[in-house]
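The opening residue of the sequence shown carries number 94 in the working numbering; numbering runs sequentially from there.
Even for Gly, the Cβ is constructed at its ideal location relative to N, Cα and C.
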Amino acid sequence: MPESFSPGLEGVIAGETAVACVDQGRLLYRGYTIQDLAENASFEEVLHLLLYETLPDRDQLAGIKSTLFKFRPLAEPVVQMLRPIPKSVSMMDVLRSAVSYAAHWDPIRGKDEAANGQRALWLTSQIAAIIAARFRLMNGLEPIPPKEGLDHAAQILYQCHGEAPDQLSADLIDLTLVLYAEHEFNASTFACRVICSTLSDLTSAVVGAIGALKGPLHGGANEAAMEMLLKFKSGEEARQWIREALARKEKVMGFGHRVYKHGDHRADVLERKLRQLAAQKGQQRWMEIYDAIKEPMVNEKKIFPNVDYPCGLTYYLLGLPIDLYTPLFVAARIAGWSAHFIEQARNNRLYRPLSQYAGPPVRPVPPLEQRKQAG
Ligand SMILES: CC(C)(COP(=O)(O)OP(=O)(O)OC[C@H]1O[C@@H](n2cnc3c(N)ncnc32)[C@H](O)[C@@H]1OP(=O)(O)O)[C@@H](O)C(=O)NCCC(=O)NCCS
């Protein structure tokens, strides 16, 4: 095998997948374009597609919905574990710990593909329930059980707020879950596959993936993008700032992508909905700020918004606290992570790349009394 070195594995094909691809800038989940899915499929349908390779028929869809409902309640020790966590701890850190802890009450037996399919559904429900339980505890409220008949996205909002959401909010959350569900060999999915490749278990791989997703160069960008927009009171202020930021060569959160160099279709799909939402809510000022940042990025720098840019503001206009944005990304990407885990396990080869050594040359260990440290 010839050795090659590519920092960040840029341009390296690190594995084979049938789950998704980015084909000439088009994102496909198992052959369906993201635009088509965003228009015509719910998160539960996409979850079925990713896990079981086909879009569900009516009975299969009803089946997956009832399984998600059944798996929603948290074990009592998990709720107890959430209570004493300080309010200052981020929701992503809580989620990472709580998913790991909840796994001690994993109701699924076995590690084969069928068991992991069920475990993926259990994790999907538990992650959503943990987010909602933490949200309520942060607000001095008791976690509540799920309400029968609500779809996954609506159920998240219901378990947070204690009342069934309006259709617009439920539809928009569902859309973001569809857009976030999968994205081939991104950093967190790769982390998940690496953990799977050691023959570890699905929950361990998901906990590792949550850690990878948290960073602002990956999923944390939806929170970072909104934090940035909140600095401005007007489009003019934002325009002034972006000029200075670009002159300082600052990274602007929610823009750019390792794979998409001519724009991210997910961002286009969501931005259209965001514009409608802002108009309906009489929040045009936010779109002026949004556009003031976007225009010079696209027109002058040719760096396009990724999905996190419109997503941050969409969640904000839906009244969600910023700390929830990346956890909602987790609530969606659990679908892709699980599908990749199952695929990796089916045809496994341990991930063990080489490194290019850049340390000191070989040298003897000096006796203790001779190890005087510099400074
Ligand atoms: C996602 C990201 C890490 C991909 O980066 P990458 O493929 O490693 O590309 P690089 O960071 O090498 O960027 C290439 C060039 O574009 C510039 N660039 C890329 N993204 C930029 C951004 N968001 N803001 C300003 N400049 C950016 C870089 O500064 C670099 O310029 P240079 O060649 O003059 O040094 C990067 O675009 C980024 O940090 N974006 C912000 C975080 C974000 O939104 N992440 C979510 C991704 S879905």
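- With a threshold of 7 Å, the Cβ atom of V345 counts as near ligand 1, since some heavy atom of the ligand is closer than that.
- Taking F228 as reference, the option from A195, L175, L272 and E277 with the minimal CA-CA separation is L175.
- The Cβ-Cβ distance between S281 and L310 does not fall below 8 Å.
- One alpha carbon belongs to R336, the other to V299, and they sit about 39 Å apart.
- Residues of the same chain with a CB within less than 6 Å of the CB of K240, apart from the 5 flanking positions on each side, are Y251 in chain order.
- For V287, the uninterrupted alpha helix (DSSP H) run begins and ends at A280 to S290, by DSSP.
- No heavy atom of ligand 1 is found nearer than 7 Å to the CB of R123.
- In this structure, the straight-line span from the alpha carbon of L144 to that of A111 is close to 11 Å.
- Our two residues, S135 and T160, have alpha carbons roughly 16 Å apart in a direct line.
- Assignment of A257 by DSSP, reduced to helix, strand and coil, places it in the coil class.
- With contacts defined by Cβ atoms closer than 8 Å, D357 and V400 form a contacting pair.
- S218 is classed as buried because its beta carbon has at least 16 other beta carbons within 10 Å across all chains shown.
- Of the heavy atoms belonging to ligand 1, at least one sits nearer than 7 Å to the Cβ of I396.
- Counted as a single uninterrupted DSSP element, the beta strand (DSSP E) harbouring L120 occupies residues R119 to Y122.
- Of the residues assessed, R119 falls on the exposed side of the cut-off, its CB having fewer than 16 other CB atoms within 10 angstroms.
- Judged by DSSP secondary structure, A113 falls within the beta strand (DSSP E) whose first and last residues are A113 to D116.
- With fewer than 16 other Cβ atoms from the protein chains shown falling within 10 Å of its own Cβ, T147 counts as exposed.
- With a threshold of 7 Å, the Cβ atom of R359 does not count as near ligand 1, since no heavy atom of the ligand is closer than that.
- Residues L322, F325, G328 and A331 of the same chain have their beta carbon placed closer than 6 Å to that of I382, with the five preceding and five following residues left out of the count.
- F162 sits in a helix when the DSSP states are folded into three classes.
- In the DSSP assignment, S297 falls within the unbroken alpha helix (DSSP H) covering L295 to K307.
- Contact between R189 and G304 is confirmed by a C-beta separation of about 6 Å, below the 8 Å threshold.
- In this structure, N209 is the residue among N315, N209, A314 and I237 with its C-alpha nearest to the C-alpha of S297.
- Looking at the backbone, the Cα of Y418 and that of G452 are separated by about 40 Å.
- Assignment of P459 by DSSP, reduced to helix, strand and coil, places it in the coil class.
- Closest option to C285, judged by alpha-carbon separation, among A213, S293 and A302: A302.
- Contact fails between the segment 428 to 436 and the segment 367 to 384, because fewer than three Cβ pairs, one in each stretch, are under 8 Å apart.
- Taking T407 as the centre and dropping the five residues before and after it, the same chain places the C-beta of L265, T269, L363, K366, L367 and L370 closer than 8 Å to its C-beta, in chain order.
- Assigned with DSSP and collapsed to three states, F348 falls in strand.
- Of the residues V423, E275, A340 and I427, the one whose Cα lies closest to the Cα of E393 is A340.
- The C-alpha of A317 lies about 30 Å from the C-alpha of A196.
- Around the beta carbon of D267, 16 or more other beta carbons sit within 10 angstroms, so the residue counts as buried.
- In this structure, ligand 1 has no non-hydrogen atom nearer than 7 Å to the beta-carbon of N392.
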